[in-house]
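Enquirer: Have a look at this one before I ask anything.
Protein chains in written order, with our numbering: chain A, 282 to 397; chain B, 2 to 112.
And the structure:
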């Protein structure tokens, strides 16, 4: 597709279960971001991938959160042993990452996670 | 920790009135970007400012980047109901690789 694709769009899970959220960035974009947005709140940075560089994991809130990006394209955000406070919309964004800078971010529609 | 602050958090205006949101950082920003998020939607890029003191206009929207590159503003002239949404600033703090978003200003335009 032409834009950033995220799946699932909605996920309801029970506390303690693991979840995987997927992001398919725009083809050719080397930079990929994960953000978390709680209801009515701002965007909380989670993790950033740029090309083959080591990811910036400084925003991951706990060791229950992890992310990988395979082949420089698709990314998966995994949350283990989910807690109710993990409930939020998880937004993925990609950027061309040209000139070493941060260009325009293109966001996906997000994955809404509800932990019961 | 380092962060980007945005005020006001909420703003209600009558259609036709002007609106301004302000973004401040304790750290010099390499650049500043602005995004708009409609209710139920995802953030959409509006503009990027890079140079100290830069001013850019898009129709009724005027964006400014402070001389010290620590603050920015978005001004909307004669708001319309289509301007409803949350406006976020976002910037690279110093040499950071990732983009830090402000807390956002939620704009309501009353017809």
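All C-beta atoms, glycine included, are put in the ideal place defined by N, C-alpha and C.
So what does residue 312(A) bridge to, in DSSP terms?
Expert: Residue 312(A) pairs with 331(A), 376(A).
Enquirer: Taking CB distances under 9 Å as the criterion, tell me whether residue 286(A) reaches chain B.
Expert: No, because no Cβ of chain B sits closer than 9 Å to the Cβ of residue 286(A).
Enquirer: Curious, which full-length beta strand (DSSP E) runs of at least 3 residues does the region 42-94 of chain B contain?
Expert: Here the runs fully enclosed are 45-50, 56-59, 62-66, 72-77, 86-94.
Enquirer: Would you call the region 27-40 of chain B in contact with the region 85-102 of chain B, where contact means no fewer than 3 C-beta pairs closer than 8 Å?
Expert: The answer is yes - the region 85-102 of chain B touches the region 27-40 of chain B, with three or more Cβ pairs under 8 Å.
Enquirer: Please check if any C-beta of chain B sits within less than 9 Å of the C-beta of residue 390(A).
Expert: Yes, contact with chain B.
Enquirer: Using DSSP with H/G/I as helix, E/B as strand and the rest coil, what is residue 18(B)?
Expert: Coil.
Enquirer: Taking the alpha carbon of residue 30(B) as the point to measure from, which residue in 4(B), 9(B), 58(B), 80(B) has its own alpha carbon closest?
Expert: When only C-alpha atoms are compared, the closest one is 4(B).
Enquirer: Looking only at its chain, what residues have a beta carbon closer than 6 Å to the beta carbon of residue 337(A), apart from the 5 residues adjacent to it on each side?
Expert: 329, listed in sequence order.
Enquirer: For residue 396(A), I'd like the list of residues in its chain whose CB is within less than 7 Å of its CB, leaving aside the five on either flank, ordered along the chain.
Expert: So the list reads 294, 296, 363, 364, 365, 367, 368, once near-sequence residues are dropped.
Enquirer: Any beta carbon from chain B within less than 9 Å of residue 348(A)'s own beta carbon?
Expert: No - not a single Cβ of chain B is within 9 Å of the one on residue 348(A).
Enquirer: Between the Cα of residue 327(A) and those of 290(A), 357(A), 310(A), spot the shortest distance and give me the residue it belongs to.
Expert: Cα-wise, what sits closest to residue 327(A) is 357(A).
Enquirer: Taking the alpha-carbon positions, what's the residue 69(B) to residue 27(B) distance?
Expert: The straight-line gap from Cα to Cα measures roughly 11 Å.
Enquirer: Can you look up residue 364(A) in the DSSP assignment and give me helix, strand or coil?
Expert: Coil, per DSSP.
Enquirer: May I have the straight-line CA-CA distance separating residue 299(A) from residue 286(A), to the nearest angstrom?
Expert: Taking the straight line joining both Cα atoms gives about 21 Å.
Enquirer: Beta-carbon of residue 375(A) versus every beta-carbon of chain B: anything under 9 Å?
Expert: So, not an interface residue.
Enquirer: Is it the case that the Cβ atoms of residue 375(A) and residue 306(A) are separated by a distance below 9 Å?
Expert: It is a contact, given that the beta carbons lie within the stated cut-off.
Enquirer: Quick one: what's residue 350(A) bridged to in DSSP?
Expert: For residue 350(A), which the question treats as bridged, DSSP gives the partners 356(A).
Enquirer: With 16 other CB atoms within 10 Å as the buried threshold, where does residue 49(B) fall?
Expert: Residue 49(B) is buried by the Cβ-count criterion.
Enquirer: Can you list, in chain order, the residues of the region 90-107 of chain B whose Cβ is nearer than 7 Å to any Cβ on chain A?
Expert: Hits within the stretch, in order: 93, 98, 99, 100, 101, 102, 103, 104, 105.
Enquirer: Is the region 308-317 of chain A close to the region 12-26 of chain B, with three or more CB pairs under 8 Å?
Expert: No contact exists between the region 308-317 of chain A and the region 12-26 of chain B.
Enquirer: Measuring only between beta-carbons, confirm whether residue 44(B) sits less than 9 Å from chain A.
Expert: So, interface residue.
Enquirer: For the pair the region 334-348 of chain A and the region 94-105 of chain B, tell me if three or more CB-CB distances fall below 8 Å.
Expert: At 8 Å Cβ cutoff, the stretches touch.
Enquirer: Is DSSP giving residue 29(B) helix, strand or coil here?
Expert: Of the three classes helix, strand and coil, the one that applies to residue 29(B) here is coil, per DSSP.
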